[in-house]
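Let me begin by presenting the structure, written as structure tokens, before commenting on it.
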Amino acid sequence: SPVDQTVTLSALTQFSAVGLPNGFSYLSAPASAGVSAAVGFTVALNNTNAPVTMSLTTGGLSAVYLAILATTNVKAGVLQYNATSSTYTRVGVATQSTSGLSQTLTIPLPSAGTYYLVSFNLTAPIPSLYGYAQALYANVATTIVYGQNTGNQFVLNVTSSSNTNVTVTSNSTTSYPQPSGYISLNAYFDIETSSTTTVSAVLAYQYNAATAATA
């Protein structure tokens, strides 16, 4: 952070009252001196308006979790929980590394919030917010869902020829001319990858009656 920050990290030892998305399962951070094993954590900042770069490194993983993460197409990361909308967003994929005789996970965190440590299958639909970079893995079909519980849901089904990140942003206006003979729903999406790659994709947009009425 470019300014002084006070960061408070608190462990969560109970599962969320809202079930995890399909294809995601809890991981428990190992217990350490004075701290119980945790399924998640909250991060609080004293200055939420200042930009900040954060990451979390776990303690050593047990043999049980190492076996889970050794499974083909299974990764670890965090889901950020939004209590207002009762939704999750996948905001970080973990990097696994060796610390002494132990294997640890390091996970990037975008902001203050409530997070749960999870394992997930790469083919499981990813809950996301617009503007978040989501990891794509070479030749793995990936489904990313935006606009959960809003009535206007955008779904990106994409396969990339190489590892990259994809970011989708949404706008209600555009500078591009509207094609003749079509009626706009005032929903425009920009899709960008972080590196040059070949992709095949199918886009789906589910909208509600209120959106249709404004067209």
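Read left to right, the sequence shown gives residues 3 to 217 (the numbering used here). A virtual CB, placed ideally from N, CA and C, is assigned to each residue, including glycine.
Which first and last residues belong to the alpha helix (DSSP H) in which Tyr67 is found?
By 1-based counting over the sequence shown, the position of residue 67 is 65. It spans 65 to 71 - the alpha helix (DSSP H) in which Tyr67 sits, taken as one unbroken run.
Within 10 angstroms of the Cβ of Thr109, are there 16 or more other Cβ atoms? Answer buried if so, exposed if not.
The sequence position of residue 109 within the sequence shown is 107, counting from 1. Per the sequence shown, the amino acid found at residue 109 is Ile instead of Thr. The residue is buried, with at least 16 neighbouring Cβ atoms inside 10 Å.
CA-CA distance, Tyr190 and Ala137?
Sequence index remark: in the sequence shown, residue 190 carries index 188 (1-based). Sequence index remark: in the sequence shown, residue 137 carries index 135 (1-based). Going from the Cα of Tyr190 to the Cα of Ala137 covers about 22 Å.
Using CA coordinates, which residue listed in Ala215, Glu194, Ser172 is at the minimum distance from Ser162?
Reading the sequence shown from its first residue, position 160 is the one you call residue 162. Looking at the Cα atoms, Glu194 is the closest of the given residues.
Contact check, Tyr117 vs Leu111 under 8 Å by CB: the rounded distance?
Walking along the sequence shown from the start, residue 117 turns up at place 115. Walking along the sequence shown from the start, residue 111 turns up at place 109. So it is a contact: roughly 7 Å between Cβ atoms.
Is the distance from the Cβ of Val80 to the Cβ of Gly94 below 8 Å?
Here residue 80 refers to the residue found at position 78 of the sequence shown. Here residue 94 refers to the residue found at position 92 of the sequence shown. Cβ distance < 8 Å, so Val80 and Gly94 count as in contact.
What's the gap between the Cα of Leu47 and the Cα of Tyr139?
Residue numbering aside, residue 47 sits at position 45 when the sequence shown is read from its first letter. Residue numbering aside, residue 139 sits at position 137 when the sequence shown is read from its first letter. Taking the straight line from one Cα to the other gives about 33 Å.
Tell me, which residues are paired with Gln155 by DSSP?
Residue 155 sits at position 153 when you count from the first residue of the sequence shown. Gln208.
From Thr199, Ser182, Gln150, pick the residue whose C-alpha is nearest to that of Ser164; which is it?
Position 162 of the sequence shown, counted from the start, is the residue given in the question as residue 164. The shortest C-alpha separation from Ser164 is found at Thr199.
Between the Cα of Thr213 and those of Leu29, Asn154, Ala85, spot the shortest distance and give me the residue it belongs to.
Along the sequence shown, one-based indexing puts residue 213 at 211. If we check each option's Cα against that of Thr213, Asn154 comes out closest.
Supposed close pair Ala135, Asn24 - CB separation, criterion 8 Å
For the purposes of this step, residue 135 is identified with residue 133 of the sequence shown, where counting begins at 1. For the purposes of this step, residue 24 is identified with residue 22 of the sequence shown, where counting begins at 1. Not confirmed; about 22 Å, so no contact.
What residue from Thr10, Thr73, Ser12, Val147 has the CA that sits closest to Val170's CA?
Numbered from 1 along the sequence shown, position 168 holds the residue referred to as residue 170. The residue with the shortest Cα to Cα distance from Val170 is Val147.
Here's the rule: buried if 16 or more other CB atoms are within 10 angstroms of the residue's CB, otherwise exposed. What is Val204?
What you label residue 204 is simply residue 202 of the sequence shown in a count that begins at 1. Classification of Val204: exposed, given that the 10 Å Cβ count is below 16.
I need the DSSP call for Thr215, collapsed to helix, strand or coil.
Here the question's residue 215 lines up with position 213 in the sequence shown. The question names Thr, yet the displayed sequence has Ala at residue 215. Reduced to three states, the DSSP call for Ala215 is helix.
Can you give the Cα-Cα distance for Asn167 and Ser196, rounded to whole angstroms?
Within the sequence shown, numbered from 1, the residue matching residue 167 stands at position 165. Within the sequence shown, numbered from 1, the residue matching residue 196 stands at position 194. For Asn167 and Ser196, the distance between alpha carbons rounds to 5 Å.
Using the Cα positions of Gly36 and Gln105, report the straight-line distance between them to the nearest angstrom.
Your numbering for residue 36 matches position 34 in the sequence shown. Your numbering for residue 105 matches position 103 in the sequence shown. In this prediction, Gly36 has a pLDDT of 47, which is less than 50 and means its spatial position is unreliable; what the coordinates show is noted afterwards. The alpha-carbon atoms of Gly36 and Gln105 are separated by roughly 21 Å.
So, are the CB atoms of Ala40 and Leu14 less than 8 Å apart?
Taking the first residue of the sequence shown as 1, we reach residue 40 at position 38. Taking the first residue of the sequence shown as 1, we reach residue 14 at position 12. Yes.
Residue(s) in a DSSP beta bridge with Tyr90:
The residue labelled residue 90 in the question sits at position 88 within the sequence shown. Bridge partners of Tyr90: Tyr83.
CA nearest to the CA of Thr74, picked from Thr100, Phe122, Tyr90, Thr55:
By one-based count along the sequence shown, residue 74 stands at place 72. Looking at the Cα atoms, Phe122 is the closest of the given residues.
Using alpha carbons as the reference points, say which of Leu29, Tyr83, Leu119, Ala143 lies closest to Leu1.
Here the chain comprises residues numbered 3 to 217, so residue 1 is not present and cannot be evaluated.
What is the rounded straight-line gap between the Cα of Phe17 and the Cα of Ala85?
Taking the sequence shown and counting its residues from 1, the one referred to as residue 17 is at position 15. Taking the sequence shown and counting its residues from 1, the one referred to as residue 85 is at position 83. If you take the alpha carbons of Phe17 and Ala85, they lie about 14 Å apart.
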